[in-house]
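Chains as they are written, first to last, in my numbering: chain A, 1 to 117; chain B, 118 to 230. Worksheet: one structure, shown below.
Below is the structure:
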């Protein structure tokens with residue numbers, strides 16, 4: 001149980017285009033989903049916290065107009081990287097916490113590798 | 118602010134060797150502590166956790182004890198296997214700082230037969 005999927009697993013795009021990444025909780029409802037960015041040899045950096053039906057809460061330094069997050073249902077959150085540039089190339093990981101369980105235990109997706117040319 | 122510091126890797130061991138990956142933390146409140154593992158090509162998985170001082174988390178032969186006096190949560194295993202090769206992340210969740218996880222930088226473990 002508690003499986004989180006991400007799609008796509010990797011994407012290559014041209015500079016200036018937008019890329020959408022989906023995060024789904026497959027067998028549970030997730031009131032809260034989190035989006036992280038992982039740089040090589042660096043820790044995961046929290047980008048934003050996404051609550052179903054409301055606006056995402058972004059961490060300091062993360063451009064909300066560039067990284068659009070939508071949490072349309074209890075099983076789906078999307079991250080759209082708008083007007084992507086090479087410096088946006090990274091590994092993006094989502095996680096979800098089970099509704100009513102408290103937010104301590106997060107279940108992570110496998111990640112999406114984005115390469116912007 | 119809250120932070121997690123874990124030992125730099127990579128850690129290279131032979132099968133059946135003992136493992137210790139050090140992790141220390143700073144927090145303003147009373148955090149919960151976690152170890153996550155990321156196997157090659159897979160997402161992070163919760164390995165073990167401890168929610169209060171002196172708690173010991175354990176799973177798959179790994180153990181870590183929440184030491185408030187030394188603000189540490191070192192990961193240990195008495196006999197590693199090749200299948201333990203992965204990246205290990207120490208993390209904390211501090212209710213006073215919000216519920217988001219704060220991760221260490223990760224330690225790569227490579228076990229050879």
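Glycine included, C-beta positions come from ideal geometry on N, C-alpha and C.
- In this structure the region 29-36 of chain A lies against the region 49-58 of chain A, because at least three pairs of beta carbons, one per stretch, are closer than 8 Å.
- Around residue 159 of chain B, the beta-carbon contacts reaching into chain A at under 8 Å are 110.
- For residue 217 of chain B, the C-beta contacts it makes with chain A under 7 Å involve 34, 46 and 49, in order along the chain.
- For the pair residue 111 of chain A and residue 91 of chain A, the CB atoms are nearer than the 9 Å cut-off.
- Between residue 23 of chain A and residue 114 of chain A, the C-beta spacing is not below 9 Å.
- Partner residues in the beta bridge of residue 225 of chain B, as assigned by DSSP, are B:204.
- Residue 197 of chain B carries a coil assignment under DSSP once its states are collapsed to helix, strand and coil.
- Taking 8 Å as the upper bound for CB-CB distance, residue 108 of chain A and residue 130 of chain B are not in contact here, some 25 Å apart.
- The C-beta separation of residue 136 of chain B from residue 194 of chain B comes to about 4 Å, placing the pair in contact by the 8 Å criterion.
- Where residue 51 of chain A is concerned, the enclosing beta strand (DSSP E) starts and stops at 44-51.
- At a cut-off of 9 Å between C-beta atoms, residue 69 of chain A does not count as an interface residue with respect to chain B.
- DSSP places residue 22 of chain A within a strand segment (E or B) once states are collapsed to three.
- Here the region 141-150 of chain B makes no contact with the region 195-202 of chain B; the two share fewer than three CB pairs at distances below 8 Å.
- As computed with DSSP, residue 153 of chain B is found in a beta bridge with B:163 and B:206.
- Those residues of the region 67-93 of chain A placed with their C-beta closer than 8 Å to a C-beta in chain B are 93, ordered along the chain.
- Interface criterion met: the Cβ of residue 43 of chain A is under 9 Å from a Cβ in chain B.
- The beta-carbon separation of residue 128 of chain B and residue 224 of chain B, rounded to 6 Å, stays under the 8 Å limit for a contact.
- In the DSSP assignment, residue 108 of chain A forms a beta bridge with A:95.
- Sequence-distant Cβ neighbours of residue 5 of chain A in its own chain, meaning closer than 7 Å and more than five residues away, are 24, 26 and 109.
- Relative to the Cα of residue 187 of chain B, the nearest Cα in the group B:175, B:202 and B:171 belongs to B:171.
- When Cβ-Cβ separations below 9 Å define contact, residue 6 of chain A makes contact with chain B.
- Residue contact check for residue 190 of chain B against chain A: no CB pair falls below 9 Å.
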